[in-house]
Every structure is written in C-alpha cells, then in structure tokens.
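Each remark here refers to the structure printed beneath this line.
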Amino acid sequence: MSVTIGLLYESVKNHDIKLIAGEKGLSKAVKWVHMVENIEIATFLEGGEVTFLTGIGLSNEFELINLIEGIIKSKASGIVINIGPYIKKIDKKCIDYCNETNTPLFVVPWHVHMAEIMRVFCIKITENEKNSLEISTSIQNAIFYHEREDLYLSQLEIHGFKSENKYCIAVFDVNKFDMINDEKYIIRLNECIENYLSVYYKQAVCVRINNQLIFLFMNTTESKVLEILQKIVKHCESKHLIKSIFIGIGKETKSIRCIYKSYRQADSVVIINRKKYNNDICRYDDIGIYKLLFAIQDRNVIRSFIDETIGKVIEYDSYNNTDYFTVLRCYLSYNGSLQDTANELYIHRNTVNYKIKKSEEILNVDLSKLEIREMIDIAYKLHDIL
Numbered sequence: 008m009s010v011t012i013g014l015l016y017e018s019v020k021n022h023d024i025k026l027i028a029g030e031k032g033l034s035k036a037v038k039w040v041h042m043v044e045n046i047e048i049a050t051f052l053e054g055g056e057v058t059f060l061t062g063i064g065l066s067n068e069f070e071l072i073n074l075i076e077g078i079i080k081s082k083a084s085g086i087v088i089n090i091g092p093y094i095k096k097i098d099k100k101c102i103d104y105c106n107e108t109n110t111p112l113f114v115v116p117w118h119v120h121m122a123e124i125m126r127v128f129c130i131k132i133t134e135n136e137k138n139s140l141e142i143s144t145s146i147q148n149a150i151f152y153h154e155r156e157d158l159y160l161s162q163l164e165i166h167g168f169k170s171e172n173k174y175c176i177a178v179f180d181v182n183k184f185d186m187i188n189d190e191k192y193i194i195r196l197n198e199c200i201e202n203y204l205s206v207y208y209k210q211a212v213c214v215r216i217n218n219q220l221i222f223l224f225m226n227t228t229e230s231k232v233l234e235i236l237q238k239i240v241k242h243c244e245s246k247h248l249i250k251s252i253f254i255g256i257g258k259e260t261k262s263i264r265c266i267y268k269s270y271r272q273a274d275s276v277v278i279i280n281r282k283k284y285n286n287d288i289c290r291y292d293d294i295g296i297y298k299l300l301f302a303i304q305d306r307n308v309i310r311s312f313i314d315e316t317i318g319k320v321i322e323y324d325s326y327n328n329t330d331y332f333t334v335l336r337c338y339l340s341y342n343g344s345l346q347d348t349a350n351e352l353y354i355h356r357n358t359v360n361y362k363i364k365k366s367e368e369i370l371n372v373d374l375s376k377l378e379i380r381e382m383i384d385i386a387y388k389l390h391d392i393l
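The numbers in the working numbering rise by one with no breaks, and the one at position 115 of the sequence shown is 122.
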C-alpha cells in the first residue's frame, strides 16, 4: 500500500513539471519530501524521499553532479530541480547518471512554485498512509474479531473490498533471530513487497502483524496466488531480502466475513513449514492429515495423546541428552527402513537398529505392528502443531 513516485507525478502534471530521466524508476516507493541544497544535507536523507533543489547552495555544474550522486547514493526515490537563476540547465552527465540508476529526474520552470508541488506530494503521501492504516486495522479486525462486523465491513467496503467478493489469505512468517536486525529486515521486506504489489498487482494488499506479513488477495484463485507469491519471492531475492521465511496459503473464501478462516489455514501451513524447516510456498490443501489434526480444538486432548504415545521418549531424551525422538521419527518417515534412516542421519545402520530397539523398550511397544507405527506417527504430527 505504498505510494510510488509515478503516482505522485501524475498528481502534479498540470504544474508544468517534466520527467527528463529515470523513467524506469517511477515505480519506486516514496516516504516523504526533502529540500536538499548541498551535499551535507544529502547525508541526512534516510531513503525513499523525493528531493527538491533550486541550486541556491551550488556554485557550478560540477557541484550539481556531485549533489545528484550524493542524493542517489542516499537512496532517494527521485529528484525535482527548479530551472532558473541558479540552475539554468541540466548537464548530460546528470541525465545519464539518473538513467543508469533508474532515478526519476524532474525539472520545473522557475515560475512554478515548488512549495505547491511539495504540498501536493505531502497530501498524497499522508492520505496514502491514512488509507493504509485504515485497511490494515480493518483486516486485523476481520481476522481476529470476525464476529464484530462493525469493526471492518464498512471500512473495507469504502476501500474497494466488497463483502460479496472472494478472498484468499497468504502469510509470510519471518523466523526470529535478532530483535533489532529482524525489525529492520521486516520493514525493508514489507516495503519491497508493498512496492511490488502497487505496481504489478493492485488486487492485493499486504499488512504487517508482528513477525507476519499477511496478504489479502481479492477474486484471485489459490493457484494464481501461488504464482504471484513465487514472483514476489523472486523479486525479493533479487533485492537480497529473502532469508528464513515460512509461507502458507489459505483457501479461497466466499466473503470478506470469512477471511479469518483463510488466515487460520495459512497460519496452519506456516506452523508445519516452520516445524519441518520447509521454505517452500505451500497451500492448505498440501498439508494432508494435518488439516484434520488442526481441527482438534481441545489442546489437552492433544497433549494427553502425545504423553501416552511418545511422551516417555521425549522425557528420556530430556534427562539423558539422547536423540531417540529424532531417530524414531526419521525411521517412521522411511517406513521402517534402517538403511534409509542411517543415510538420512549420517549414522551407521547398526546404530539406528540399536536406537530403534531402545525406543521400543522405552515406549513398551512393538514397532513391527502397523497400527503402532501409525499411532506414533500421528503423535509426532500432533507434536508439530502444538
């Protein structure tokens, strides 16, 4: 839900403003505006600004080139230059550099008041932030307080999310390592995704809730959502913004009133992907029996079942610093193959055999029986969802 410099440009075309370079960068997101009259001021830029300059602080064309280079290195989204007594024309080197870096460069004649252009830009940016906040809050309410339709239905309708449309939720969940660095990372990732959606797919929005980025797609099938997310991941990878992320897609709903269901489904997929360290994009229909297990509402029933089946192995590992829990699960995943388990865990076949026998002893079960293996496998899956 970011505002791009291209959208801002459209809003002031009647002010005799002209784009002379960097057309490919019109999709860049804009955070605010800033007057920059010398290289020292350029160092205060935080990135994402549209910079304005009259040239009053410059003494020659060489200084203008240096200033433009400094502005671009500070990751500004665009530059607006007032042509007049201080800057009579733009050197070709400046134009070429802006084209090379895909930085939109605009010029306005001296009779145009740049303060008016800045005012329009600020209004547009502020309006966009207000709309983004309203949409984000309404989506959160629709997910977590779905029974309170007064908190989201009319607000989303105002912003074009009609209640009768179909919707699908997807979740990006960021694996937490470092609070400070992850916070910066999530902000950058969110900005990158919002920018991409605002240019290539306006039928979707992305809102942040804690360490999750939640996508709301309107009238978009699950397969199309998967395709879009794959493109988003590829785009973010090109910006070096993809690290440990778990992605899930919920089922398409029949109404905005039901997006909480799609969110819960997408979040369920994320939980499973996180447990399995699976960074693939998965849909709710891909998780098989987990769909049934997630439907069990009573967590006490789940804990009791786990305790009765694999609880003793968990306890034994905890007290003895062993890995029977992991070996047994791997053994079951390979349908009781000692060799495949050994290959997967990089240990000797005899070691696997010993640990499986020991696990049988701890649990007092016979793993040669299919129903026992199935029951323990279900216990492992239930352990995943807790």
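All residues carry an ideal CB built from backbone N, CA and C; glycine is no exception.
Bounds of the beta strand (DSSP E) holding F113 are 112 to 116. DSSP, reduced to helix, strand and coil, places G62 outside both helices and strands of the structure shown, so it counts as coil. Sequence-distant partners of T348 (beyond 5 residues in either direction) whose C-beta falls short of 6 Å from its own C-beta, in its chain, are C337, Y338, Y341, V359. Rounded to the nearest whole angstrom, the C-alpha separation of L393 and A302 is 12 Å.
DSSP places D180 in the strand class (E or B) of the three-state scheme. Y291 and L300 have their C-alpha atoms roughly 13 Å apart.
I254 has F179, I288 as its beta-bridge partners, per DSSP. S366 sits buried, since 16 or more C-beta atoms from the chains shown fall within 10 Å of its C-beta. DSSP places K95 outside both helix and strand once states are collapsed to three, so it counts as coil. A distance of 8 Å or more separates the beta carbons of I216 and I176. Residue environment: L377 is assigned as exposed (fewer than 16 neighbouring CB atoms within 10 Å of its CB, all protein chains considered). Three or more Cβ pairs closer than 8 Å define a contact, and the region 45 to 52 meets that threshold against the region 65 to 84. No residue range can be given for Q210, since it is assigned to no beta strand (DSSP E) and is classified by DSSP as neither H nor E. If you draw a straight line from the Cα of A122 to the Cα of L15, it is about 14 Å long. Shown here, V320 sits in a helix according to DSSP, grouped into three states.
Counting other Cβ atoms within 10 Å of its Cβ, F51 stays below 16 and is therefore classed as exposed. Under the three-state reduction of DSSP output, H41 falls in the strand class.
Secondary structure at L374: coil, using DSSP grouped into helix, strand and coil.
The alpha-carbon separation between H41 and S143 amounts to approximately 27 Å.
With the rule of 3 Cβ pairs closer than 8 Å, the region 244 to 254 counts as touching the region 270 to 286. Bounds of the beta strand (DSSP E) holding G85 are 85 to 90. Looking at the DSSP output, M382 sits in no beta bridge, so it has no partner there. Counting the other Cβ atoms within 10 Å of the Cβ of T333 gives fewer than 16, which makes it exposed. The beta carbons of V114 and H22 sit no closer together than 8 Å.
For T11, the pairing in a beta bridge is given by DSSP as A36.
Judged by DSSP in its simplified three-state form, T260 adopts strand. Under DSSP, K25 forms a beta bridge with V114. Short of 6 Å from the beta carbon of K82, and not among the five residues preceding or following it, lie these beta carbons of its own chain, in chain order: G54. By the Cβ-count criterion, G295 is exposed, with fewer than 16 other Cβ atoms from all chains shown falling within 10 Å of its own Cβ.
About 4 Å separates the Cβ atoms of S9 and E201, confirming a contact at the 8 Å cut-off. If you draw a straight line from the Cα of L160 to the Cα of Q219, it comes to about 23 Å. The beta carbon of Y331 sits closer than 8 Å to those of V320, Y323, D324, K362, K365, S366, I369, all from its chain and outside the five residues before and after it, given in chain order.
The region 238 to 247 makes no contact with the region 268 to 277; the number of CB pairs closer than 8 Å stays below 3. Exposure of G167 is indicated by the presence of fewer than 16 other C-beta atoms within 10 angstroms of its C-beta.
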